[in-house]
Structures are given as C-alpha cells and as structure tokens.
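**Q** Structure below; questions to follow.
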C-alpha cells in the first residue's frame, strides 16, 4: 500500500484595512478551511504592507483560523516578512525546506484568488520546478486589477528572486 503524501496548505494574504482582514483574504481562509481536512500543516503568508497596518497579515489569518477552525489540529506556521508575492513564495519555500524532510515529496496546495494563483504557480515552478495544486477562493478580483496581475508573470519568469530594479521599487513603496 502506498505511503500517503504529506500535504501542506499555503494561504496567501491579500487585502487588509488597517489590522482587519479584507474580504479577499477572508475568502482565501474560508476556501482553505473547506479543503484543510487532509492537510497536516498550514502556512499563512503575509507581512505588513498596507497603510495603517501594524500586525502582519499572516498573524491576522492565524487568529481567524483559531477562531473559526477550532477542530483543526495540524501544525501552523506563519510567514510574516513578505511584502510582495515573490517574497511570499520564497519565504514559504524556506519554511517548507526547514520543516520537511524532502520538499519534492510533499503535496502543496496553494489558496488564493485565481489571478494571484497564476503568478504563484509560475514562481513555484520557476524557483523549484515544483508543480503545486491550487484552490481558487470565491473572491473575484476587480477587472481593473487583472492586467496588472497578468503583467507580473513575465517578471516572475525573468527575475524569480526579485533582484531587479522594478521589484526593489515596489518593495520600497510598501515599506514607506
């Protein structure tokens, strides 16, 4: 009988208003809750990136999870330093590598909004040649934001580590 593959659920933070989760992040959490039964761990990823925000979005998500999923008994990790999607993926990979025996033998399910997931999948594949399972939340990104999400994918392919000028500029804007 085959040994079951350990599975990790990764939930990406999106919007916040001050220290309150945005509807898009809550939609991600509700979707994660719905698919969490066969996962042994969850990683919440997101730092402080919005005006008026003082608590990392990962910590806000962890609190939501504790309040809304008291029956869940897997491991919880929080990644609180990321300001942009590329950093989220790099830091999540580091957490997985630090806490798992073999990165290539685990199942990873990523939860986010569908257009955000395109970039996340691209980065996981570009950085680690890892195909990840994705689970779309019910949140619908406003149409005006879709071109920006799509425009990032070539950047993820060309500059997966985020060493380029454009990435540095975006990170600088989010730290001011």
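In our numbering, the protein residues as written are 20 to 195.
We put the beta carbon where it would ideally sit given N, CA and C, even for glycine.
1. How long is the line joining the alpha carbons of residue 48 and residue 183, rounded to whole angstroms?
2. Does the Cβ of residue 191 have 16 or more other Cβ atoms within 10 Å, making it buried, or fewer, making it exposed?
3. Would you mind working out which of 126, 93, 63 and 90 sits nearest residue 104, comparing C-alpha positions?
4. Go through its chain and collect everything with a Cβ distance to residue 52's Cβ below 7 Å, but skip five positions before and after it.
5. Which residue marks the beginning of the beta strand (DSSP E) containing residue 96, and which one marks its end?
6. Does the stretch 57-71 come within contact of the stretch 104-118, defined as at least 3 CB pairs closer than 8 Å?
7. Give me, in chain order, the residues of the same chain whose beta-carbon lies closer than 8 Å to that of residue 31; leave out the 5 immediate sequence neighbours on both sides.
8. For residue 114, which residues of its own chain have a beta-carbon under 8 Å away from its beta-carbon, when the five flanking residues on both sides are left out?
9. Output the distance between the C-alpha atoms of residue 147 and residue 123, rounded to the nearest integer angstrom.
10. When you compare only the Cα positions, how much space is there between residue 181 and residue 137?
11. Counting C-beta neighbours from all protein chains within 10 Å, is the total for residue 81 16 or more, i.e. buried, or is it exposed?
12. Who does residue 39 pair with in a DSSP beta bridge?
13. Which of the three DSSP states, helix, strand or coil, is assigned to residue 60?
14. Hey, how far is the Cα of residue 54 from the Cα of residue 28?
15. Does DSSP put residue 89 in a helix, in a strand, or in coil?
16. DSSP three-state label for residue 78, please.
17. What distance in whole Å lies between the Cβ atoms of residue 38 and residue 73, which are believed to be in contact at a cut-off of 8 Å?
18. With DSSP as the reference, label residue 122 as helix, strand or coil.
**A** Quick look at the numbers:
1. 32 Å
2. exposed
3. 63
4. 87 and 88
5. 94-98
6. yes
7. 47, 64, 65, 104, 107, 129, 130, 131, 135 and 139
8. 62, 96 and 98
9. 9 Å
10. 17 Å
11. buried
12. 36
13. strand
14. If you take the alpha carbons of residue 54 and residue 28, they lie about 9 Å apart.
15. coil
16. helix
17. 6 Å
18. helix
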